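Let me begin by presenting the structure, written as structure tokens, before commenting on it.
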Amino acid sequence: MLESAARGLSRYGYGNLILERVASDAGYTRGALYHQFKDKEELALAVIDWVDETWRREVGRPVERESDPVAALIALARGHAIFCRRDIARVAMALRLEFSGQDHPVGRHLRHVSESLVKRCTRLIRAGRRMGTIPPGPPARVVALAFMGAMEGTVIEVAGQAPHDEVLAARAAAGVLGID
-6 MLESAARGLS
4 RYGYGNLILE
14 RVASDAGYTR
24 GALYHQFKDK
34 EELALAVIDW
44 VDETWRREVG
54 RPVERESDPV
64 AALIALARGH
74 AIFCRRDIAR
84 VAMALRLEFS
94 GQDHPVGRHL
104 RHVSESLVKR
114 CTRLIRAGRR
124 MGTIPPGPPA
134 RVVALAFMGA
144 MEGTVIEVAG
154 QAPHDEVLAA
164 RAAAGVLGID
């Protein structure tokens, strides 16, 4: 059900998501959906958590195995590009655009989840600077935000261009970090 809802949110956004279609695509009735989720908002919040958990398992865990901060950040960019080849990955981008500038529970939750990635990247950038593998420059948090923007922008613009998406996301990330 969550995967079907993630695909629906990615394709149609929150406002245009039809719960009956989500249920049908997942092989359930609309009643079965409402048995599991109170409403569209509760379903969307569960989807954000599910996508985040999936991302952490598929992208985050391999990144954690890297002892070098630069290698970890490049692995993150590559892993994110691979993850974004799937329909479910677009849910965060679609909802971020739809809820931009709004005070809504779904938007707030998405910002909270996104902030954990910003903090992770900020920590890695600071560690790389301490080790001398990432040059000094703008504040680490600003670089982390630019890193994420470059990574996501690249993946969006070259969608469907595997394996180039992965290579270019890594190059964009390296450029923002100021490394060769």
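Take the sequence shown: its letter number 81 is residue 74 in the working numbering, and every next letter is one higher. All C-beta atoms in this analysis are idealised placements derived from N, C-alpha and C, irrespective of residue type, glycine included. Model, not experiment: these values are computed from the prediction.
Using alpha carbons as the reference points, say which of the options lies closest to residue i.
i, options, result
"residue 143", "156, 164, 126", "164"
"residue 82", "53, 48, 56", "48"
"residue 136", "-2, 93, 112", "112"
"residue 38", "102, 124, 56", "102"
"residue 105", "4, 45, 91, 173", "45"
"residue 8", "58, 87, 77, 29", "87"
"residue 131", "171, 153, 155", "171"
Alpha carbon to alpha carbon, what distance is there between residue j and residue i?
i, j, result
"residue 43", "residue 122", "33 Å"
"residue 6", "residue 75", "22 Å"
"residue 89", "residue 129", "30 Å"
"residue 169", "residue -5", "34 Å"
"residue 0", "residue 138", "26 Å"
"residue 67", "residue 80", "23 Å"
"residue 115", "residue 61", "14 Å"
"residue 141", "residue 127", "16 Å"
"residue 110", "residue 73", "12 Å"
"residue 147", "residue 167", "12 Å"
"residue 27", "residue 13", "10 Å"
"residue 107", "residue 65", "18 Å"
"residue 10", "residue 20", "17 Å"
"residue 160", "residue 52", "15 Å"
"residue 78", "residue 17", "24 Å"
"residue 133", "residue 125", "14 Å"
"residue 30", "residue 145", "30 Å"
"residue 85", "residue 3", "8 Å"
"residue 57", "residue 162", "19 Å"
Under the rule that 16 or more other beta-carbon atoms within 10 Å means buried, what is residue i, buried or exposed?
i, result
"residue 71", "buried"
"residue 63", "buried"
"residue 157", "exposed"
"residue -3", "buried"
"residue 22", "exposed"
"residue 118", "buried"
"residue 41", "buried"
"residue 150", "exposed"
Ends of the alpha helix (DSSP H) at residue i?
i, result
"residue 27", "23 to 29"
"residue 68", "62 to 76"
"residue 140", "133 to 150"
"residue 81", "No alpha helix (DSSP H) contains residue 81, which DSSP labels as neither H nor E."
"residue 50", "Segment: none, residue 50 is in no alpha helix (DSSP H) and carries neither H nor E."
"residue -4", "-5 to 5"
"residue 168", "157 to 170"
"residue 118", "98 to 124"
"residue 18", "12 to 18"
Looking at the C-beta of residue i, does it have a partner C-beta in chain B at a distance below 8 Å?
i, result
"residue 130", "In the displayed structure, chain B is absent; only one protein chain is listed."
Fill in: contact_flag[the region 96 to 107, the region 34 to 50] where n(CB pairs < 8 Å) is 3 or more
yes
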